[in-house]
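Note that this note's numbering gives residue 237 to position 223 of the sequence shown, counting from 1, and the numbers run on in steps of one.
Before any comments, here is the structure.
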Amino acid sequence: MNRQPAQIVVLGGGFGGLYAAMTLQRELAGSDTAQITLVDRRNYFTFTPFLPEVAAGTLGRAHVTYPFRFLAQKEQFCFIQGAVQDFDLVKRTVRTETTVIPYDYLIVSLGGAPSFFGNPQIAAHALTLNSVDNALAIRNHIIKLFEQAVVETNPVRRRQLLTLVVAGAGPCGVEVVAELDHLIRTALLKYYPVDPSEIRILLVSKGDRILPHFAGQLAETGQKELIKRGIEVRLNTQVTWASEEYVEFDGYERISTRTLIWAAGVTPNPVLAQLPTPKSQQGGIVVDEFLKLPEFPEVYVIGDGASVLDRRRGQPYPALAPVAIRQGIRAAGNIVNALQGRVGEPFRFDFTGNIVGLGRGMALVNLLGIKFHGRLGWWFYRMAHLQRLVSFRNKASLTLTLALNAIFDRDISCETWFDSDPSLTAERVSPALSDSRAPITS
15 MNRQPAQIVV
25 LGGGFGGLYA
35 AMTLQRELAG
45 SDTAQITLVD
55 RRNYFTFTPF
65 LPEVAAGTLG
75 RAHVTYPFRF
85 LAQKEQFCFI
95 QGAVQDFDLV
105 KRTVRTETTV
115 IPYDYLIVSL
125 GGAPSFFGNP
135 QIAAHALTLN
145 SVDNALAIRN
155 HIIKLFEQAV
165 VETNPVRRRQ
175 LLTLVVAGAG
185 PCGVEVVAEL
195 DHLIRTALLK
205 YYPVDPSEIR
215 ILLVSKGDRI
225 LPHFAGQLAE
235 TGQKELIKRG
245 IEVRLNTQVT
255 WASEEYVEFD
265 GYERISTRTL
275 IWAAGVTPNP
285 VLAQLPTPKS
295 QQGGIVVDEF
305 LKLPEFPEVY
315 VIGDGASVLD
325 RRRGQPYPAL
335 APVAIRQGIR
345 AAGNIVNALQ
355 GRVGEPFRFD
365 FTGNIVGLGR
375 GMALVNLLGI
385 KFHGRLGWWF
395 YRMAHLQRLV
405 SFRNKASLTL
415 TLALNAIFDR
425 DISCETWFDS
435 DPSLTAERVS
445 PALSDSRAPI
455 TS
């Protein structure tokens, strides 16, 4: 009697989900014991660490995306495009908008969404950076502001157009403010006749320093570099209100601006609230040390949507790409162990360091306690990200583009891309800029 292969379904094609699917196929290659299916609402993988450079015009869509079907054919797993609508953990099915998918084992890696901390004004006016479409929308928005500033005769209005606020001073906020400053200083000012003294760029953090997870001395080096470039760093400051015309700090100080970019927090994907299991205070799904739901041991949750306790530190692992990758590999390994009658292994992650790019050929690196920055840091930053790209095509095209960028100016043409995300609307990137956004603080 032939036994049907186990149906292993991976929800979400971010770092955790993709590495889980590829690990499963690699471990089970040549075996008929399982069928692996990857489900994602987009049909391409996005290399999110490079989104700040897409926003700044250094890179384009093709450099940071790769079709899942290319990977599915190469790695020999199935792919279904669809947005997860519902779970039935008892019947072991997942429903998308187009189909119902049965499973024997399930890995949930649906990622996160921007957290606006319950503030509807923030949600209504924020520009975010969690997709390639968001990144292109930010670039389009900045370019359109400069186009309008060129013909604006009112100096107060012109300064408002040329004021940018980035909220959140973690790695994403620091990288996007550095890259946008680079875009403005090296490209836009070259072609747009605006007064540099009217440009104002602010990085806002509710904490007492930027890059809170970095070593203090390294974070201080980064902060000094940003200030040296003319970026205002506002610490111990929280955005409490936003409108089309200004952003408010700490309930009283108003900054006249048409641009605020939100990089101040992530919350688990809202669809995870439907899972009938315990959740952390932040909304993450609580799993055991094997990354499983205790009540449903065939279900694994990883990435930004999981709350996994680091028993050595006494707190959950942070929502970082390296953590998600290792969780995806570990969850896949534990499913393989279960199929082969072996005991699963607990998840452990040893932090080897961190890295953040500052643009202009500079990065901050902490590797195994060794701290360095500058050109050497930038080279290490580039190599670390290049080796994580999932295809040779991306690696080759990106390497060539970076080489050409050293000779030619970056792209400052204005494109319009629309995402299915409600956070990105036609109004948000309208030529008239009649409803400029505001993100809110960190």
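Cβ coordinates follow ideal geometry from the N, Cα and C atoms, glycine included.
Mind checking who residue i pairs with in its DSSP beta bridge?
i      : result
Ile426 : In the DSSP output, where bridge partners are listed per residue, Ile426 has none listed.
Ile367 : Before going on, a small fix: residue 367 reads as Gly here, not Ile. DSSP, once it has assigned bridges, lists Leu381 as partnering Gly367.
Glu267 : Phe263
Arg248 : Val218
Val179 : Leu216 and Leu274
Pro128 : Val280
Leu25  : Val53 and Val122
Trp393 : Looking at the DSSP assignment, Trp393 forms no beta bridge with any residue, so it has no partner.
Ala20  : Ala48
His387 : Leu378
Gln296 : Paired residues: none, contrary to the question.
Gln329 : Asp324
Val253 : Phe263
Ile115 : Val108
Phe59  : Tyr80
Val313 : Leu120
Leu307 : Phe310
Could you tell me the alpha carbon to alpha carbon distance between residue i and residue j, rounded to whole angstroms?
i      : j      : result
Arg344 : Ala34  : 8 Å
Ala352 : Gln401 : 31 Å
Pro116 : Trp392 : 46 Å
Arg389 : Leu38  : 38 Å
Gly298 : Phe304 : 16 Å
Leu232 : Gly383 : 11 Å
Glu309 : Val337 : 24 Å
Asn133 : Val285 : 20 Å
Leu103 : Glu312 : 9 Å
Val53  : Asn283 : 15 Å
Val24  : Val404 : 18 Å
Leu175 : Gln252 : 22 Å
Met376 : Thr415 : 18 Å
Arg243 : Ala69  : 19 Å
Asp222 : Leu249 : 5 Å
Leu217 : Gly328 : 31 Å
Tyr314 : Cys92  : 19 Å
Lys105 : His196 : 53 Å
Arg451 : Arg340 : Since pLDDT at Arg451 reaches only 33, below the 50 mark, its modelled position is unreliable, and the value read off the structure follows with that caveat. The alpha-carbon atoms of Arg451 and Arg340 are separated by roughly 36 Å.
Ser434 : Asn148 : Because Ser434 sits at a pLDDT of 42, beneath the cut-off of 50, its placement in the model cannot be relied upon, and the following sentence gives the value as read from the coordinates. Straight-line Cα distance between these residues: approximately 11 Å.
His139 : Ala420 : 35 Å
Phe29  : Gly342 : 8 Å
Val188 : Val247 : 10 Å
Phe101 : Ala287 : 10 Å
Thr271 : Gly74  : 27 Å
Gln18  : Met36  : 21 Å
Leu85  : Thr413 : 21 Å
Phe432 : Arg56  : The predicted model places Phe432 with a pLDDT of 45, which falls under 50 and marks its position as unreliable, so this point remains unresolved.
Ser211 : Thr51  : 54 Å
Pro81  : Thr113 : 21 Å
Arg418 : Arg153 : Note on residue identity: the sequence assigns Leu, not Arg, to residue 418. Approximately 20 Å between the Cα atoms of the pair.
Ala398 : Ser45  : 33 Å
Pro360 : His227 : 25 Å
Val322 : Leu372 : 30 Å
Thr460 : Ile241 : What is shown of the chain runs 15 to 456, which leaves residue 460 out entirely.
So residue i packs on residue j, CB below 8 Å; how close in whole Å?
i      : j      : result
Gly96  : Thr110 : 3 Å
Ser427 : Ala76  : Not confirmed; about 15 Å, so no contact.
Ile156 : Leu194 : 7 Å
Ile136 : Leu178 : That belief does not hold up - the Cβ atoms of Ile136 and Leu178 are roughly 17 Å apart, past 8 Å.
Ala320 : Val301 : 6 Å
Tyr206 : Val164 : 6 Å
Asp423 : Ala256 : Not quite, the Cβ-Cβ distance comes to about 33 Å (not below 8 Å), so this is no contact.
With distances taken between CB atoms, is the gap from residue i to residue j smaller than 8 Å?
i      : j      : result
Ser129 : Gly317 : no
Asn348 : Gly355 : no
Ile275 : Val180 : yes
Gly27  : Val280 : no
Thr60  : Val146 : yes
Pro185 : Leu225 : yes
His387 : Leu381 : no
Tyr58  : Thr79  : yes
Ala43  : Ile22  : no
Phe363 : Tyr331 : yes
Leu65  : Leu143 : yes
Thr273 : Asp264 : no
Val350 : Glu41  : yes
Examine chain B for any beta-carbon lying closer than 8 Å to the beta-carbon of residue i, and answer yes or no.
i     : result
Leu73 : Protein chain content of the structure displayed is limited to a single chain, and chain B is not contained in it.
What I want to know is whether the C-beta of residue i ends up closer than 7 Å to one or more non-hydrogen atoms of the ligand ADP.
i     : result
Leu42 : This structure lacks the ligand ADP, and indeed carries no ligand of any kind.
- Message: My parser needs the beta strand (DSSP E) runs of 3 or more residues fully inside the segment 87-111; what are they?
- Response: 92-95, 98-102 and 107-110
- Message: Report the start-end ranges of each alpha helix (DSSP H) in the segment 136-185 that is 4 residues or longer and not cut off at the edges.
- Response: 146-165 and 169-175
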